[in-house]
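Down below is the structure, laid out as structure tokens.
Residue numbers (the numbering used here), protein chains in the order written: chain A, 1 to 165; chain B, 166 to 502.
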């Protein structure tokens, strides 16, 4: 899952490092850090927005506890959309790829976030690679099983990720 | 130990060469003195209760195309007569696979067991068609039954799972089990060559059959998944229970798209209780199953050990003789030799 937090740090050197260390130590993968100096609080603290990926809720809780134990004040906490991602290939005539994407996008918490097409030669089938971003693992497997049904109906060969089961 | 070889094609010859080459090793390290007392093929038989000279057998069979050309050999259909009539301890069933009927291997194996002979086979057909029946027949007849060479060639899947990982519950088995399709997919991914071109090349190299249907449609992999499900997961599965997709629709462009996302395409067989499946899958580059060329690779998912992966050569007469010989030594030990 992808997590966004806003924390307030004292404006003295070494504070950021102190906050980042437990995140990476406990398995968080930091994706972006943004200082919001212009929004300095009345007490002189600086809000820092942080986005990181973490395996599950239990791990996130451990990270949050570690941060609090270090005196880091967390003012905002939210799960970002796009917690789970899976890649799939579809082989066949892609005359209505838009329809396939629309059907997936219609599912709650599911979004086709990337699409690449490789057109086959004359009379040959084309290949499409899709990245499907979902709010969580459960929705990812729901999206894959929906895609399986769509592929079966449109006679497309669906190649899913080994990990997708 | 007195052996009967039924089938003298690539595997029978490969085994014979290994028996010649390893004779003193087998005696020294395992106290095992194998003696081939009969060899049968579809054209005839050679029998010598004192033991056939394997070097001579390989030479004459190579020249004449049948073991019947051996001194004192006879032409005709003798498989069943030899299996039942010749005094022996172990019957090697090495005839070509027929996954629909299992024959002639199925009858050979049953008759051998009923005649009180231990059986070692590389033949997928009988195992796919009648695994449970053969397994219980062996027990009823009080004989040993081994089939390591039927799945994974040289890769010791059955022994690894049944012996060394015996303390685990196997949750899932997944793997690359067909060297021909893996060769085709590897060549397509490395060179971007079209499917038809690579297939023709594989046929010229002898890696693919003249009729490659069983390989490229995923049926060979499905047979192996059926055998693994029955022998290692305790299932009673048939070939028709496996959901199968082959690789004929996989184009180099599709593999390129996969590679751009850090993945490759492999034909993967998956066996878990309640679901048997074969089809092309996206596998991350560098993953234990992302093996190249004609290699096989299998991952066992286990309750205690978590994951164990094993890789090796899935075909070839010399490589497969490793499994055929291993089974013989195993029987020798089981019987207290």
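From the three backbone atoms N, C-alpha and C, an ideal C-beta is built for every residue, glycine too.
- Query: Between 120/A, 78/A, 107/A, 56/A, which lies nearest to residue 141/A when the distance is taken from Cα to Cα?
  - Reply: Locating residue 141/A in the first chain gives position 141, where the first residue counts as 1. The residue with the shortest Cα to Cα distance from residue 141/A is 107/A.
- Does the distance from the C-beta atom of residue 411/B to that of residue 342/B stay below 8 Å? Locating residue 411/B in the second chain gives position 246, counting from the first residue. Locating residue 342/B in the second chain gives position 177, counting from the first residue. Their beta carbons are not under 8 Å apart, which means residue 411/B does not touch residue 342/B by this criterion.
- DSSP three-state assignment for residue 257/B, whether helix, strand or coil: Counting from one through the second chain, the residue named residue 257/B turns up at place 92. DSSP places residue 257/B in strand when its eight states are reduced to three.
- Item | Runs of beta strand (DSSP E) wholly within the stretch 78-137 of chain A (minimum 3 residues, chain order) | 84-92, 110-118, 126-134
- Query: Smallest Cα separation from residue 408/B: which of 309/B, 389/B, 441/B?
  - Reply: Looking up residue 408/B in the second chain gives position 243. Considering only alpha carbons, the answer is 441/B.
- Message: Run through chain A and tell me which residues come within less than 8 Å of residue 446/B, C-beta to C-beta.
- Response: As a working note, residue 446/B is residue 281 in the second chain. By Cβ distance, chain A contributes 159, 160, 161, 162.
- Members of the stretch 85-97 of chain A near chain B, C-beta cut-off 7 Å: 87, 89, 91
- Message: I need the straight-line Cα distance from residue 101/A to residue 112/A, nearest angstrom please.
- Response: Taking the first residue of the first chain as position 1, residue 101/A is located at position 101. Taking the first residue of the first chain as position 1, residue 112/A is located at position 112. Their Cα atoms are separated by approximately 6 Å.
- Meets three-Cβ-pair contact criterion under 8 Å: the stretch 230-238 of chain B and the stretch 252-261 of chain B: no
- Which residues in chain A sit within 7 Å of residue 233/B, going by Cβ to Cβ distance? By 1-based counting over the second chain, the position of residue 233/B is 68. Within 7 Å Cβ-Cβ: nothing; residue 233/B doesn't reach chain A, min ~48 Å.
- Task: Less than 8 Å between the CB atoms is what I'm expecting for residue 335/B and residue 397/B, so what's the real figure, rounded?
- Result: The residue given as residue 335/B occupies position 170 in the second chain. The residue given as residue 397/B occupies position 232 in the second chain. Correct: roughly 6 Å between the Cβ atoms.
- Message: Please state whether the Cβ-Cβ distance between residue 201/B and residue 168/B is less than 8 Å.
- Response: Locating residue 201/B in the second chain gives position 36, where the first residue counts as 1. Locating residue 168/B in the second chain gives position 3, where the first residue counts as 1. Closer than 8 Å, so yes.
- Task: Quick one: give me the first and last residue of the beta strand (DSSP E) that residue 18/A is part of.
- Result: Residue numbering aside, residue 18/A sits at position 18 when the first chain is read from its first letter. Looking at the DSSP string, residue 18/A is not in any beta strand (DSSP E); the run it does join, the alpha helix (DSSP H), is 15-25.
- Task: Just the chain B side, please: which residues come within less than 8 Å of residue 124/A by C-beta, in chain order?
- Result: For the purposes of this step, residue 124/A is taken as residue 124 along the first chain, with counting starting at 1. Going along chain B in sequence order, the residues near residue 124/A (Cβ under 8 Å) are 416.
- Task: Count the other CB atoms, across all protein chains shown, that sit within 10 Å of the CB of residue 35/A; report buried if there are 16 or more and exposed otherwise.
- Result: Taking the first residue of the first chain as 1, we reach residue 35/A at position 35. Residue 35/A is exposed by the Cβ-count criterion.
- Using a Cβ-Cβ cut-off of 6 Å (strictly less than) and excluding sequence neighbours within five positions of residue 76/A, which residues of its own chain qualify? As a first step, residue 76/A must be located in the first chain, where it is residue number 76. For residue 76/A, where only same-chain residues beyond five positions count, the Cβ hits under 6 Å are 6.
- Message: Given this structure, state the Cα-to-Cα distance separating residue 165/A from residue 256/B, to the nearest angstrom.
- Response: Position 165 of the first chain, counting from 1, holds the residue named residue 165/A. Position 91 of the second chain, counting from 1, holds the residue named residue 256/B. Any answer about residue 165/A is weak, because its pLDDT of 46 lies below 50 and its placement is not dependable; what the coordinates show is given next. Cα to Cα, the separation comes out at about 40 Å.
- If we count Cβ pairs, one from each stretch, closer than 8 Å, do we get three or more for the stretch 414-423 of chain B versus the stretch 379-396 of chain B? Counting C-beta pairs with one atom in each stretch, the stretch 414-423 of chain B and the stretch 379-396 of chain B have fewer than three that are closer than 8 Å, which means they do not touch.
- For residue 45/A, name the three-state secondary structure that DSSP assigns. As a working mapping, residue 45/A is identified with position 45 in the first chain. Strand at residue 45/A.
- Item | Distance, residue 458/B Cα to residue 356/B Cα | Looking up residue 356/B in the second chain gives position 191. Looking up residue 458/B in the second chain gives position 293. Approximately 13 Å, taken between the alpha carbons.
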